[in-house]
Each structure stands twice: as structure tokens, then as C-alpha cells.
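Taken in order, these protein sequences are the chains called A and B. Note that our numbering has the first sequence beginning at 2, numbered continuously upward. Note that our numbering has the second sequence beginning at 3, numbered continuously upward.
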Amino acid sequence: MSVEHNCETCPVHAEMAPLGATVEAFDRVVALAGNPNTGKSTLFNALTGLRQHTGNWPGKTVTRAEGAFQFAGLRYKLVDLPGTYSLLSTSDDEEVARNFLLFGRPDCTVVVVDASALERNLYLVLQVLEITDRVVVAVNLMDEAKRRGITVDTRSLSRDLGVPAIPIVARTGDNMMALVGEVAAVAAGETVTQPLRSKGTPAFEHAVTTLVPMIEAAAPGIPNARWIAIRLLDGDVPVEEALASGRLAELVARQQAPDARFSRKIALQGAQ
Amino acid sequence: MSAPIAATPSDIVREAAALRRSLDAGFREEVVTSLYGEVERLTRRAVQDSGSGPLELDQRIDRIVTSRLLGLPLMLVILAVIFWLTIVGANVPSQMLASAFFWFEDLAAGWFTQLGVPWWITGFVWHGVYRGLAWVISVMLPPMAIFFPLFTILEDLGYLPRVAFNLDYLFKRAGAHGKQALSMAMGFGCNAAGVIATRVIDSPRERLVAILTNNFVPCNGRFPTLIMLATVFVAASFPPAVASLVAAGSVVAIVLVGVLFTLVVSWVLSRTVLRGEASAFTLELPPYRRPAMARILYTSLIDRTLFVLWRAMVTAAPAGAVIWLLANISPGGVSLATRTATFLDPLGWAMGLDGVILLAYIIAIPANEIVVPTMLMVYMTQGRMLEIESMDALRTLLVDQHGWTLLTAVNLMLFSLLHNPCATTIITIYKETLSVRWTTIGALMPLALGFIVTMLTAAMARAWFGF
Numbered sequence: 002m003s004v005e006h007n008c009e010t011c012p013v014h015a016e017m018a019p020l021g022a023t024v025e026a027f028d029r030v031v032a033l034a035g036n037p038n039t040g041k042s043t044l045f046n047a048l049t050g051l052r053q054h055t056g057n058w059p060g061k062t063v064t065r066a067e068g069a070f071q072f073a074g075l076r077y078k079l080v081d082l083p084g085t086y087s088l089l090s091t092s093d094d095e096e097v098a099r100n101f102l103l104f105g106r107p108d109c110t111v112v113v114v115d116a117s118a119l120e121r122n123l124y125l126v127l128q129v130l131e132i133t134d135r136v137v138v139a140v141n142l143m144d145e146a147k148r149r150g151i152t153v154d155t156r157s158l159s160r161d162l163g164v165p166a167i168p169i170v171a172r173t174g175d176n177m178m179a180l181v182g183e184v185a186a187v188a189a190g191e192t193v194t195q196p197l198r199s200k201g202t203p204a205f206e207h208a209v210t211t212l213v214p215m216i217e218a219a220a221p222g223i224p225n226a227r228w229i230a231i232r233l234l235d236g237d238v239p240v241e242e243a244l245a246s247g248r249l250a251e252l253v254a255r256q257q258a259p260d261a262r263f264s265r266k267i268a269l270q271g272a273q
Numbered sequence: 003m004s005a006p007i008a009a010t011p012s013d014i015v016r017e018a019a020a021l022r023r024s025l026d027a028g029f030r031e032e033v034v035t036s037l038y039g040e041v042e043r044l045t046r047r048a049v050q051d052s053g054s055g056p057l058e059l060d061q062r063i064d065r066i067v068t069s070r071l072l073g074l075p076l077m078l079v080i081l082a083v084i085f086w087l088t089i090v091g092a093n094v095p096s097q098m099l100a101s102a103f104f105w106f107e108d109l110a111a112g113w114f115t116q117l118g119v120p121w122w123i124t125g126f127v128w129h130g131v132y133r134g135l136a137w138v139i140s141v142m143l144p145p146m147a148i149f150f151p152l153f154t155i156l157e158d159l160g161y162l163p164r165v166a167f168n169l170d171y172l173f174k175r176a177g178a179h180g181k182q183a184l185s186m187a188m189g190f191g192c193n194a195a196g197v198i199a200t201r202v203i204d205s206p207r208e209r210l211v212a213i214l215t216n217n218f219v220p221c222n223g224r225f226p227t228l229i230m231l232a233t234v235f236v237a238a239s240f241p242p243a244v245a246s247l248v249a250a251g252s253v254v255a256i257v258l259v260g261v262l263f264t265l266v267v268s269w270v271l272s273r274t275v276l277r278g279e280a281s282a283f284t285l286e287l288p289p290y291r292r293p294a295m296a297r298i299l300y301t302s303l304i305d306r307t308l309f310v311l312w313r314a315m316v317t318a319a320p321a322g323a324v325i326w327l328l329a330n331i332s333p334g335g336v337s338l339a340t341r342t343a344t345f346l347d348p349l350g351w352a353m354g355l356d357g358v359i360l361l362a363y364i365i366a367i368p369a370n371e372i373v374v375p376t377m378l379m380v381y382m383t384q385g386r387m388l389e390i391e392s393m394d395a396l397r398t399l400l401v402d403q404h405g406w407t408l409l410t411a412v413n414l415m416l417f418s419l420l421h422n423p424c425a426t427t428i429i430t431i432y433k434e435t436l437s438v439r440w441t442t443i444g445a446l447m448p449l450a451l452g453f454i455v456t457m458l459t460a461a462m463a464r465a466w467f468g469f
């Protein structure tokens, strides 16, 4: 599978423009997830340009970076989630990433994976697919993988995961338009995904389907009741507390509120 | 399934707990096992590894760069080269900027005088505020414009995780987190940035250790002082051909003393007030990547250099005004600056320094970079900060007229390592810890250490070497 892309014949090329830190008015929200060291920041910069809007996640000392780009007449806000290996444990980074996927209601989530270490990266992909079905997998560092004699069949990956998987080289900008086009299609609901989700035992599935309507009744408009149900069955204490104290609704609102503690200082940390 | 009507949240949690009990005890393990199985299956189908790639090159480099024998020396050499390039490269542009700025100062002051503006307004604006700004820009901008891009290249290459790897066992033995090596490295640029960089450390205990000890590495604002002392007192006794090398070497030596203090204080903290074990962490050594030059120039010049410079300018302008006022308000014929310096003299003497140096450190709390200009201004009692034309003139001024000795130079180097963080860093410590107590400790502990260490070296030097 080649990552070469012919820009001259690509009809949408002229329609893509980075908007940098102009994140005030937007039509769609795209979240950027991925393991550390997968070139997530490089992709972020390639899509939004070099300027970015940085601050803190509410109540956390975790850096939040936002940028924007325009594609086919629509404005996309890109939210860079902290680089994590999973969404299960309790570090601040993982909680921030997980809460945004759950309550921030991104129209599409791009999971960046390292083509030369696909196996290690897929755990996060599967966990993201448990939470949201609007996912595009960006298989980055295709050139580095090729150099090491590793080839990734993104079509097979796409078929197995049930969501688009696009090979890219973020550093050189290779195949970016295909990625952006797919993100736009998924965000608009034009590409219908069928994410791979683990099916538990019948008893487990029964337990989940018992809880889902209860959760939906208690917290109307909750984006992913199935995931909450699974976490409750797993005895996830923060999720229990969030539900019991009525903070779930608050979380939904807080994730969408603009960050008041915006500070240029954070930019000193650089890209990571 | 009947849809339950209006179940309260605690009902749901209770229901979930009941359902959990009805499930197999091992369902959690099953979920994890099936996840791993799924990932393995997906990978097998999508990935073809011919196993022939040059992965070995990265590993060969890593074997040298992170080796027990060569890892640390190589790191020091790289650090020395960066300092050397910074010292040598910044020299000429610094002087050009300074002469341009000071030429304009005289010109503008002349206009003011011609227009009949009162002398004290001219002095306050041009010889106070403007001169403070001019000094800070010409002393700081060139070194930062060289140091930050070089440092960012190392960052982009993927060298910094190797530094953390090399230093990990030292920090671990000090009871601190291995990633403290990263926040420490960031502290060389700016301690406030270093304090923010401790966010990579998850454990709150180890993060506090990293925050409280970050000030022990000299930041960019303190390097000019160190470089000046290294050039005037150490390198001056060597032939000019090697002088810059010697200067760079002695700055590296001071850096090593700073790292030593970082480790010792971390060790003491994690055995007293911040007791605990060092936590384990996975450090991924990412593959080496070709640095993206455009991004490096952007992040290092715009985000770092201009940001730090702006901060310095914001503090230097009022400090320049304060210096001018202190030197020009003279109740009873003696300027406030001289009075304060005389008052501080006994304490300064005990520390192997003098009252003027201590006064300079008090005025320079907002920004470390104005220590040397303040000091020289009071020494010259010219009523304004000044630019010394050559290093020889500086040496003459300090040694012959103000009784500086090797002890003064050594203790000033030590004190510039060990004293309170600048105002920005103190504010940052508060923002990151949200604790007045830890902020106070972070501000006063290095200062107390500085008093103790310099008094000890002064007493020893006087008792044994007759200074």
C-alpha cells in the first residue's frame, strides 16, 4: 500500500486551510488521541498550522492544545488530547482524554498510531472504539515502518476495526488530504462506521442492557450509556461517584465550556 | 426488558453492584484477555514484518548514547559544546546590540535636554527605564536565540529521553522520579518553565521534589552572570585561544554543582518531609527522528525566546527605574543605594561577598538577569547602569577598586546557583502547587542553603587560605 498522493489531481486540495489558533467559531469538533511518540503533535501542527491555543484542562494541570482548520467550507476545531497508552487507569492524562471522548462529544476522533509498533498502539484504538463510533485511525510514520521492513495493510485494518484507517506521514504531510476527507465524512455521518466492540458473555450483555436504559433515564442526553454501564459493572469508583453526585451532567457542560485559565506560559513546554 | 422509570443514581449504582455479583468472578480478566487476543489477531492480519529494516542503527546509537561508561561523559560533552557555541556566538551580536542601544540612549537623552525637559525626567526615562531594557535585550537575546534552538534540536532528535534514561538511576537513588531529569533540563532554559514541565511526573510527592529542586539548575537569566565570572576570573589566566573553551568548561562545572545540589536536596527531602519510595515508570526511548527545522525555529524563537525576553523586559523596566531612583535620591548627600549597601555589608562580608552584591540580588528578585548591571551601577556610583567596554576594564573595576578576590568570584557563582527563585518562578510554583506553604519553602530553602554554603566557604577560605 502506497502513501503517495497526487495533490494536483485531488479536487479538494484547494479547500483545505489551516486556521491556527482561531478556535472561536467552528462547525465541528475533532479530537486527536494516540499513544505518546506517535507524531500526534506533528499531525496537529500539520493540520492547524504552527500557532495553537494552549491552556489547561479544567481543574487539571494537564496541557490542553486546540487549533483549527477549514475544509470544504466548514471550520473544524481540533482538540489535542494527552498522549496515553490506555483509557483505563487513573492518571490525570488518561482521565482527561477519557472524559473528553465521553462528554466533549467530538464529531470525530482521530486516533494516531505508529505503523512500526501497531500492536502496542491498537489497545488504545479498541478502547476508544468502545466509547465512540465516530473514529478515524491515522496510521502514521508509514515511512519509518517501511524503512524497517514493516508494511501495514490499512485496508485489512479498516475492515477489521470497522472504521477508516488511513496511512499517513505527518512529518512530510503525505496523504493528509485523504485523512481530512475521511474525518469530514465521518464527522458528517456520511461514512457509517461499524466499530469492532468486544462482545461479552451473554450474562454480561444482559447486565449491560439492563443498566443502559436506567442510565439514560437518570441522565438524559448522556452520550455513551453503554460505556458507563460497563464501567459501573467494573466497579469504576470515579464513574460511580460522578453518577451518584449528579456530576455527569456537569461534566458534559464543563467539557464544552471555554477554558478560563488560558495562559501563554504553558506554551513554553513546547509541543508535547 | 422493561424500561425502569426514574431510577435515582444511587439505585443504578446499587443495581450495577447486584448485577456484578451475578456475573462470573473472572469477567474482568476475561475482558482484558479478549482485548489482548483481539489486538494480536488484528496485528497478525494487518502487519507484515520482513525483519530486515535498519532498526539496528537506532539500537547501535542507543548502545553508545545510553551506555553506562559513555552515556554521562557524552552528555557532558554535548552540554559543553552547546555552552561553547552560545558563549562564542553571542559575543559579537551582544556587543553590536549594546552599542546600538546605548548610542541611541545618548542621542535621545540629548534631544530631551535640547527640548528643555527637566534632567530628572531625562535620567529616569533614558538612563533608568530605557537602559534597563537595553541591557536585558542585548545581554539576553543573542544567547537565547542560540541556546534555545540548539536545545530544541536535541529535544526533537529524541535525545532528551536518553538523558532521562542516563540520569534515572541517580534520581532513583535520591528518592526522586527519573523524569525529574527532563524538568531539570527544561530549568536550564527557564526555571518557571521547568516547574511547569514537572507535570510529566504523576506522583504528587515526586512532583513536589522536582518543583522544589528545579531552582538549583541555573536558568538562562543566570548564565550571563556565570559566563561573566567564568570569563573574567577563570579564563583570564589562560591564553585567548583557549579562553572561551575554559569559560565554557567552568560553566559546565557550575552546572554540575547545581545537579549535585539537585540530587542531594532531593535525597534529603525524600527522607524527611517528603518521605517515600521512587515510583517505577516506563520510559519509552522513541526512535531518533530528523528534526523539523521550521518547527524548531518557530517554537524556540517565538514560544521560548520571545516569551522569556518579554518577561525579562517587563521586569527590567521597573527595576531600571528603581535602580536609578536609589542611586539618585541622596538624603544627606549619600545615595539610598550606597546607604543600603553599607547596611548590608557585614552580612555580605560573612558570606564572602559584599553589601552591593546583596543589594543587587534584592533588586533583581523580579528577574535574575539584571544582577550584574545593578552591581556594576552601584560600584560605579554613576547613577545609572552601564556597559563595560571590555572584560579587562571589568576586571580592573572589580579587583582593584572593590577588593574582589577569587573567594568573591567563587561565592558569587555559588550564590547565583543557590538563592531564591525569581518572582515569576515563585508565582509559577504557587500556581502549580496551589499551596502557600510549599511556595514559601520553595522560595526560602534555596536562599537558606545559599547563606549556609557561602558562609561556610568564606569561613574556610579565611581560616585556611588567609583570604
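For every residue, glycine included, the Cβ atom is placed at its ideal position computed from N, Cα and C. Since this is a predicted model, take the numbers as computed values, not measurements.
Proximal residues of chain A, C-beta to C-beta of residue i below 8 Å
{"i": "Ile-14/B", "result": "Leu-212, Met-215, Ile-216, Ala-219, Leu-233, Leu-244"}
{"i": "Thr-10/B", "result": "Ala-219"}
{"i": "Ala-294/B", "result": "Thr-43, Arg-172"}
Same chain only: Cβ atoms within 8 Å of residue i, ignoring 5 sequence neighbours per side
{"i": "Ser-4/B", "result": "At Ser-4/B the pLDDT is 47, less than 50, meaning the model places this residue with poor confidence; the figure from the coordinates comes in the next sentence. So the list is empty, once near-sequence residues are dropped."}
{"i": "Met-315/B", "result": "Leu-135, Val-138, Ile-139"}
{"i": "Arg-386/B", "result": "Low confidence applies here, because Arg-386/B scores a pLDDT of 49, under 50, leaving its location unreliable and the question unanswered by this model."}
{"i": "Asn-225/A", "result": "Leu-103, Ile-132, Thr-133"}
{"i": "Glu-183/A", "result": "Val-137, Pro-165, Ile-167, Thr-192"}
{"i": "Pro-75/B", "result": "none"}
{"i": "Thr-376/B", "result": "Ala-321, Ile-325, Leu-361, Ala-362, Ile-365, Ala-366, Met-387"}
Residue j beta carbon less than 8 Å from that of residue i
{"i": "Leu-419/B", "j": "Phe-218/B", "result": "yes"}
{"i": "Asp-134/A", "j": "Thr-194/A", "result": "yes"}
{"i": "Asn-370/B", "j": "Cys-221/B", "result": "yes"}
{"i": "Leu-234/A", "j": "Arg-23/B", "result": "no"}
{"i": "Val-138/A", "j": "Val-153/A", "result": "no"}
{"i": "Val-2/B", "j": "Phe-150/B", "result": "Nothing about residue 2/B can be read from this structure; chain B reaches only from 3 to 469."}
{"i": "Tyr-77/A", "j": "Phe-27/A", "result": "yes"}
{"i": "Thr-10/B", "j": "Ala-218/A", "result": "no"}
{"i": "Gly-444/B", "j": "Ile-431/B", "result": "yes"}
Amino acids of chain B, ordered along the chain, whose beta-carbon sits closer than 7 Å to that of residue i
{"i": "Glu-241/A", "result": "Val-15"}
{"i": "Gly-68/A", "result": "Those within 7 Å of Gly-68/A in chain B number zero; the least Cβ separation is about 14 Å."}
Distance between beta carbons of residue j and residue i, contact taken as under 8 Å
{"i": "Ala-82/B", "j": "Ala-250/B", "result": "5 Å"}
{"i": "Val-131/B", "j": "Ala-245/A", "result": "The Cβ separation is near 58 Å, so there is no contact."}
{"i": "Val-112/A", "j": "Ala-186/A", "result": "Between Ala-186/A and Val-112/A the Cβ distance is about 16 Å, and since that is not below 8 Å, they are no contact."}
{"i": "Ala-32/A", "j": "Gly-105/A", "result": "7 Å"}
{"i": "Ala-73/A", "j": "Glu-16/A", "result": "5 Å"}
{"i": "Leu-158/A", "j": "Leu-197/A", "result": "Actually they are not in contact, since the Cβ atoms of Leu-158/A and Leu-197/A sit about 10 Å apart, beyond 8 Å."}
{"i": "Val-97/A", "j": "Val-63/A", "result": "5 Å"}
{"i": "Thr-427/B", "j": "Val-197/B", "result": "6 Å"}
{"i": "Val-114/A", "j": "Thr-39/A", "result": "6 Å"}
{"i": "Leu-59/B", "j": "Ser-199/A", "result": "39 Å between Cβ atoms; not a contact."}
Neighbourhood of residue i by C-beta distance below 6 Å, restricted to the same chain and skipping five residues each side
{"i": "Arg-164/B", "result": "Val-67, Thr-68"}
{"i": "Glu-145/A", "result": "Ser-117"}
{"i": "Thr-470/B", "result": "For residue 470/B there is no data in the structure shown, the boundaries of chain B being 3 and 469."}
{"i": "Gln-384/B", "result": "Confidence in Gln-384/B is poor, its pLDDT being 48 and thus under 50, which makes the residue's placement unreliable; the coordinate value appears in the next sentence. Here the set comprises nothing."}
{"i": "Ile-1/B", "result": "It is not possible to answer for residue 1/B, since the shown part of chain B is limited to 3 through 469."}
{"i": "Gln-182/B", "result": "Phe-173, Ala-212"}
{"i": "Val-171/A", "result": "Per the sequence shown, residue 171/A should be read as Ala rather than Val. Within the same chain, Ala-171/A has close Cβ partners Gly-40, Thr-43, Leu-44, Ala-47, Asn-141."}
Within chain A, the residues that residue i reaches when beta carbons sit closer than 7 Å
{"i": "Tyr-300/B", "result": "Leu-51"}
{"i": "Leu-159/B", "result": "Simply none; closest approach about 13 Å."}
Residues that residue i contacts on chain B, provided the C-beta gap is smaller than 8 Å
{"i": "Arg-106/A", "result": "Here the premise fails: no neighbours, minimum Cβ distance about 21 Å."}
{"i": "Val-63/A", "result": "Arg-201"}
Contacting residues, own chain, Cβ-Cβ under 7 Å from residue i (five flanking each side not counted)
{"i": "Asp-347/B", "result": "Asp-356, Gly-357"}
{"i": "Ser-3/A", "result": "Caution applies to Ser-3/A, whose pLDDT of 45 falls short of 50 and renders its modelled position unreliable; the value that the coordinates give is listed next. Answer for Ser-3/A: no residue qualifies."}
{"i": "Val-374/B", "result": "Pro-226, Thr-227, Met-230"}
Residue-chain proximity (residue i, chain C), Cβ-Cβ < 8 Å
{"i": "Asn-100/A", "result": "Looking for chain C here will not work: the only protein chains present are A and B."}
Chain-ordered chain A contacts of residue i [CB-CB under 9 Å]
{"i": "Ser-36/B", "result": "Ser-199, Lys-200, Gly-201"}
{"i": "Thr-307/B", "result": "Near Thr-307/B there are no residues of chain A at all, since even the closest Cβ is about 11 Å away, more than 9 Å."}
{"i": "Val-90/B", "result": "Chain A residues near Val-90/B: none, gap ~26 Å exceeds 9 Å."}
**OP:** May I ask you to list, following chain order, the residues of the stretch 112 to 125 of chain A that have a beta carbon less than 8 Å from some beta carbon of chain B?
**Re:** Ser-117, Leu-119, Glu-120, Leu-123, Tyr-124
Subject >> Residues in the stretch 127 to 158 of chain A having any Cβ partner in chain B nearer than 7 Å >> reply: Leu-127, Glu-145, Arg-148, Arg-149, Gly-150, Ile-151, Thr-152, Val-153, Asp-154, Ser-157, Leu-158
**OP:** Could you run through the stretch 167 to 182 of chain A and flag, in chain order, every residue whose CB is less than 9 Å away from some CB of chain B?
**Re:** Against chain B - using a Cβ distance shorter than 9 Å - the residues of the stretch 167 to 182 of chain A are Arg-172.
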